[in-house]
Ligand code: NAD
Ligand code: IPM
Ligand code: MN
């Protein structure tokens, strides 16, 4: 039998990024070795803030072309004190998301067995959502201007860009997912205040819904949705929302499902014209970087999403179940989960459980 070789671009990035990516790779290599039918070939790209301080840019001018031929990208985190965040993120992470048209950001908010939850009176199965975050435009379109800087008449404009094409495709993806999984679909928007963009979003949600009469839908304004995520999280199953709302609500989702150390995301180009990118949703955590304290489980979960996308749902499930065993066992956990284990020890524990 021919062994399938997956070529993966690893971009560890800054802060705790390299620490958690090392563990993600460890677990992926272990899965491949046990399976025997596929293997991984990782190519490391040293792009990030250190690279920026040496070279004056976050990645080389042909960086996107260097990544184009890979089967997937595994990213750690980007951002470091000393480089303005809007430069480090726009010139690397957001460039990749946009250039590779990764318009779906799939972020599970699911309370795994053994994961801590700060909410009272909530059953584990009540927190089981999947966010479909628009990932290519909206509030993150990067459109605007800065006029008369430093002068009394200074004006800053940041435009939201909501195209019919951009809204329809992500909303349709969410309807398809809800239908496939037999789940409800909830759209979160803010049409009462954002009287162009979100009125349009709501309209498209209804229009596309015409093709999915079998999918039960709900709609919430984002302020009420944040309240209900805390007060009554079981209302939400598949959720579709805009770029910025999805960013904020998934950190909130992380807080109710074990913390940022457990929250993963997949940046998908569903048509597979370009590589998709898998990453923990947390940042570079400069406050704990370099100490071996970072929780690598979010990255392992992102690796699980990668295996699923590459066509190995069985291995994806085994990674998740290994995470759950580490959590329920409780002996090898990083400090964010109340343990004393190092990042590498947690990665070793997951790999051993496979
Ligand atoms: P952050 O997610 O880096 O950290 C928030 C808090 O969560 C910190 O206290 C941190 O120690 C903790 N934390 C995060 N990940 C953890 C893990 N795996 N294990 C244990 N604790 C963890 O957010 P921030 O502090 O707002 O941002 C820091 C930098 O990261 C900034 O430069 C920001 O722009 C960048 N950022 C990057 C990404 C990305 O690359 N995807 C995402 C978010 C923020
Ligand atoms: C995330 C991050 C990014 C985002 C930042 C770093 C640009 O917060 O992936 O959640 O807002 O998308
Ligand atoms: Mn975020």
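Residue numbers (the working numbering): 140 to 493.
Positions of the beta carbon are idealized from the N, C-alpha and C atoms, including for glycine.
Rounded distance between the beta-carbons of residue j and residue i, thought under 8 Å
{"i": "residue 215", "j": "residue 164", "result": "Actually they do not touch by this definition, with Cβ atoms about 10 Å apart."}
{"i": "residue 402", "j": "residue 437", "result": "5 Å"}
{"i": "residue 480", "j": "residue 473", "result": "6 Å"}
{"i": "residue 230", "j": "residue 196", "result": "7 Å"}
{"i": "residue 493", "j": "residue 461", "result": "6 Å"}
{"i": "residue 471", "j": "residue 488", "result": "4 Å"}
{"i": "residue 253", "j": "residue 469", "result": "7 Å"}
Candidates the options, of which the one nearest residue i by Cα
{"i": "residue 240", "options": "415, 193, 335 and 169", "result": "415"}
{"i": "residue 424", "options": "180, 144, 155 and 142", "result": "155"}
{"i": "residue 226", "options": "341, 349 and 191", "result": "191"}
{"i": "residue 350", "options": "255, 315, 146 and 166", "result": "315"}
{"i": "residue 175", "options": "166, 167, 142 and 182", "result": "142"}
{"i": "residue 276", "options": "358, 359, 386 and 167", "result": "386"}
{"i": "residue 512", "options": "485, 173, 465 and 264", "result": "Because the chain spans 140 through 493 in this model, residue 512 falls outside it and cannot be assessed."}
{"i": "residue 467", "options": "263, 220, 382 and 294", "result": "263"}
{"i": "residue 497", "options": "352, 332 and 198", "result": "Coverage of the chain is limited to positions 140 through 493, which leaves residue 497 absent and any answer about it impossible."}
{"i": "residue 162", "options": "288, 434 and 208", "result": "434"}
{"i": "residue 410", "options": "278, 242, 450 and 280", "result": "242"}
{"i": "residue 377", "options": "318, 427 and 452", "result": "318"}
7 Å Cβ shell around residue i - same chain, five flanking residues per side excluded
{"i": "residue 384", "result": "327 and 361"}
{"i": "residue 160", "result": "149, 151, 213, 215 and 438"}
{"i": "residue 220", "result": "425"}
Proximity below 9 Å, CB of residue i to CB of residue j
{"i": "residue 298", "j": "residue 406", "result": "no"}
{"i": "residue 413", "j": "residue 444", "result": "no"}
{"i": "residue 307", "j": "residue 347", "result": "yes"}
{"i": "residue 397", "j": "residue 251", "result": "yes"}
{"i": "residue 148", "j": "residue 177", "result": "no"}
{"i": "residue 274", "j": "residue 303", "result": "no"}
{"i": "residue 391", "j": "residue 368", "result": "yes"}
{"i": "residue 420", "j": "residue 389", "result": "yes"}
{"i": "residue 340", "j": "residue 301", "result": "yes"}
{"i": "residue 372", "j": "residue 222", "result": "no"}
{"i": "residue 172", "j": "residue 457", "result": "no"}
{"i": "residue 179", "j": "residue 144", "result": "yes"}
{"i": "residue 333", "j": "residue 357", "result": "no"}
{"i": "residue 167", "j": "residue 446", "result": "yes"}
{"i": "residue 429", "j": "residue 158", "result": "yes"}
{"i": "residue 194", "j": "residue 279", "result": "no"}
Cβ-heavy atom distance, residue i to the ligand MN, below 8 Å
{"i": "residue 420", "result": "yes"}
{"i": "residue 353", "result": "no"}
{"i": "residue 438", "result": "no"}
{"i": "residue 224", "result": "no"}
{"i": "residue 380", "result": "no"}
{"i": "residue 386", "result": "yes"}
Cβ shell of residue i (< 6 Å), same chain only, five flanking positions each side left out
{"i": "residue 379", "result": "271, 310, 313 and 326"}
{"i": "residue 337", "result": "328, 329 and 330"}
{"i": "residue 247", "result": "269"}
{"i": "residue 284", "result": "296"}
{"i": "residue 393", "result": "399 and 402"}
{"i": "residue 152", "result": "187, 215, 216 and 217"}
{"i": "residue 364", "result": "327"}
{"i": "residue 238", "result": "203"}
{"i": "residue 146", "result": "180, 209 and 210"}
{"i": "residue 282", "result": "298 and 300"}
Check: residue i C-beta below 8 Å from any heavy atom of the ligand NAD
{"i": "residue 230", "result": "no"}
{"i": "residue 212", "result": "no"}
{"i": "residue 227", "result": "yes"}
{"i": "residue 151", "result": "no"}
{"i": "residue 206", "result": "no"}
{"i": "residue 248", "result": "no"}
{"i": "residue 321", "result": "no"}
{"i": "residue 426", "result": "yes"}
{"i": "residue 178", "result": "no"}
{"i": "residue 383", "result": "no"}
{"i": "residue 155", "result": "yes"}
Neighbour flag for residue i against chain B, beta carbons, 9 Å
{"i": "residue 373", "result": "Looking for chain B here will not work: only one protein chain is present."}
Close beta carbons around residue i, own chain, < 8 Å, minus the five adjacent residues each side
{"i": "residue 448", "result": "211, 405, 407, 415 and 417"}
{"i": "residue 256", "result": "250, 263, 266, 395, 396 and 397"}
{"i": "residue 465", "result": "253, 436, 471, 472, 485, 488, 489 and 492"}
{"i": "residue 305", "result": "242, 273, 275, 276 and 277"}
Residue i Cβ short of 8 Å to the ligand IPM heavy atom set
{"i": "residue 159", "result": "no"}
{"i": "residue 330", "result": "no"}
{"i": "residue 279", "result": "yes"}
{"i": "residue 233", "result": "yes"}
{"i": "residue 240", "result": "no"}
{"i": "residue 217", "result": "yes"}
Residue i Cβ short of 8 Å to the ligand NAP heavy atom set
{"i": "residue 481", "result": "The ligand NAP is not part of this structure, which contains only the ligand NAD, the ligand IPM and the ligand MN."}
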